[in-house]
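One structure below.
Numbering (this note's numbering), first residue to last: 6 to 366.
Laid out in structure tokens, this is it:
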């Protein structure tokens with residue numbers, strides 16, 4: 006049970022209950038809880054407009070979205086070049102689809118996969134590149150696209166942190182063969198649980214549409230599929246939250262700027278390598294000098310009932326079930342020293358100041 010005054014790394018945004026209640030009354034009236042219902046279609050229409058994308062599939066969660074992306078692109082065996090610095094679901098999805106993750110080290114500034122190291126990891130077995138826009142910072146999409154075209158590889162972007170971020174004036178989710186995102190309740194935009202896929206190719210999009218609903222349309226069974234359909238309840242939460250997301254990002258930006266001011270040069274922060282990036286302030290990661298200092302800060306904050314998180318630790322090439330993984334010294338080093346501080350709409354300035362005093366000593 007969470008204590009009332011406990012400060013966690015994030016806090017789920019909850020819209021006015023009467024707004025959600027109105028959608029619940031509609032669901033009770035229509036008596037359709039799932040199976041691509043009217044609220045899901047309404048949500049998909051609105052979010053496509055918000056993101057400025059032509060294609061959008063709302064699914065149960067972001068992990069299933071990754072699996073669907075791999076499966077729909079025909080990446081069902083072979084090697085997938087990926088990052089060791091991400092949430093475990095990125096690697097787990099590759100393994101779940103019976104592929105081998107080939108880890109490529111990260112850029113020390115953006116913390117995203119180092120595009121300059123990708124080509125040397127390509128073999129005859131390589132089928133795809135699965136890169137992550139870490140903490141909402143963009144991968145080097147131009148270089149990755151060049152490499153993929155040269156070697157005829159598929160590109161999937163894990164944009165679990167990228168909702169609301171832009172690159173070159175368009176959504177960061179509008180790159181690659183497929184981009185996915187997560188709408189888990191810990192994210193800045195959420196649908197309780199949920200995720201999405203955005204595909205560039207119409208035929209691939211149609212394939213996703215079939216796979217996510219067990220591979221059939223009515224009584225016409227066309228392919229092997231899985232149940233990844235989202236419910237009307239998830240769509241309802243998305244409809245409620247979408248109109249608040251710009252305000253949420255704006256508030257998180259103000260809190261981030263306060264952290265910047267108070268922490269100064271006492272920590273290192275990741276940074277974008279391009280000026281054409283609009284950040285979404287999904288997280289506030291800091292990189293400490295040593296792991297010992299990180300552990301000391303964690304201990305001191307815990308005494309104050311404040312709980313940041315070690316996003317991301319360990320480096321995924323060090324997972325116990327990964328055998329003979331490539332060394333990734335940058336990721337391994339940073340993963341021991343990185344800490345995400347509390348950041349969410351409604352976080353009080355006094356708490357930010359308290360956290361900063363513990364760190365900037």
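Note that the Cβ used here is the ideal one computed from N, Cα and C, for glycine as well.
Is it buried or exposed, residue 139, if we count other Cβ atoms within 10 angstroms and call 16 or more buried?
buried
For residue 43, does the three-state DSSP call read helix, strand or coil?
helix
List the whole-angstrom C-beta distance separating residue 63 from residue 240, where the pair is believed to meet the contact cut-off of C-beta under 8 Å.
7 Å
Kindly indicate which residue of 161, 192, 195 has the alpha-carbon position closest to the one of residue 179.
161
For residue 81, which residues from the same chain have a beta carbon less than 8 Å from its beta carbon, with the 5 sequence-adjacent residues on both sides left out?
Taken in chain order, the residues that qualify are 75, 102, 103, 104.
Only counting runs of 3 or more residues, tell me where the beta strand (DSSP E) segments fall wholly within the segment 110-155, in order along the chain.
131-137
So, does the segment 299-306 touch the segment 169-184, judging by three or more C-beta pairs under 8 Å?
With a cut-off of 8 Å, the segment 169-184 and the segment 299-306 do not count as touching, because too few Cβ pairs lie within range.
Can you check DSSP and say which residues form a bridge with residue 292?
273, 343
Just how far apart, CA to CA, sit residue 7 and residue 21?
Residue placement at residue 7 cannot be trusted, given a pLDDT of 48 that sits under 50; what the coordinates show is reported in the next sentence. If I take the Cα positions, the gap works out to 22 Å.
Take residue 349 as the anchor and find which of 260, 276, 303 has the nearest alpha-carbon.
260
What's the C-alpha gap between residue 78 and residue 357?
About 44 Å.
Could you pull the start and end residues of the alpha helix (DSSP H) that residue 31 belongs to?
Start and end: 22-35.
When you compare only the Cα positions, how much space is there between residue 359 and residue 44?
42 Å
What three-state label does DSSP hand residue 366 in the structure shown?
coil
Nearest CA to the CA of residue 319: which residue from 305, 342, 313, 329?
342
For residue 360, which three-state DSSP category applies?
In the structure shown, residue 360 sits in a helix (DSSP, three-state: H, G or I).
Residue 54 to residue 232 span [Cα, whole Å]:
26 Å
Under the three-state DSSP convention, the category residue 17 falls into:
coil
Exposure label - residue 229; buried when at least 16 CB within 10 Å
exposed
Excluding five sequence neighbours on each side, which residues of the same chain lie with their C-beta closer than 6 Å to the C-beta of residue 337?
320
Are the beta-carbon atoms belonging to residue 254 and residue 285 less than 8 Å from one another?
yes
Does residue 202 come out as helix, strand or coil in the three-state DSSP assignment?
strand
Measure the alpha-carbon distance for residue 120 versus residue 36 and round it to whole angstroms.
Inter-residue distance for residue 120 and residue 36 is about 49 Å (C-alpha atoms, whole angstroms).
Taking the alpha-carbon positions, what's the residue 30 to residue 225 distance?
33 Å
Are the beta-carbon atoms belonging to residue 50 and residue 200 less than 8 Å from one another?
The Cβ atoms of residue 50 and residue 200 do not sit closer than 8 Å to each other.
Would a C-beta distance cut-off of 8 Å place residue 94 and residue 68 closer than the cut-off?
yes
For residue 27, is the classification buried or exposed, using 16 other Cβ atoms within 10 angstroms of its Cβ as the cut-off for buried?
exposed
What residue range is occupied by the uninterrupted beta strand (DSSP E) comprising residue 68?
Not the beta strand (DSSP E): residue 68 falls in the alpha helix (DSSP H), residues 67-77.
Let me make sure I understand the geometry here. Which of 339, 216, 311, 345 has the alpha-carbon closest to that of residue 13?
311
Would you identify the three-state DSSP class for residue 188, choosing helix, strand or coil?
DSSP, read as helix, strand or coil, puts residue 188 in coil.
Below 8 Å, can you find three or more Cβ-Cβ pairs linking the segment 137-154 to the segment 265-282?
With a cut-off of 8 Å, the segment 265-282 and the segment 137-154 count as touching, because enough Cβ pairs lie within range.
Separation of residue 326 from residue 333, as counted between CA atoms
In this model, residue 333 and residue 326 are separated by some 16 Å (Cα to Cα).
Taking DSSP as the reference, what is the three-state secondary structure of residue 315?
coil
Can you tell me whether residue 164 is buried or exposed, with buried defined as 16 or more other CB within 10 angstroms of its CB?
buried
Hey, out of 100, 322, 170, whose CA is closest to residue 258's CA?
170
Work out the CA separation of residue 70 and residue 340 for me, nearest whole Å.
25 Å
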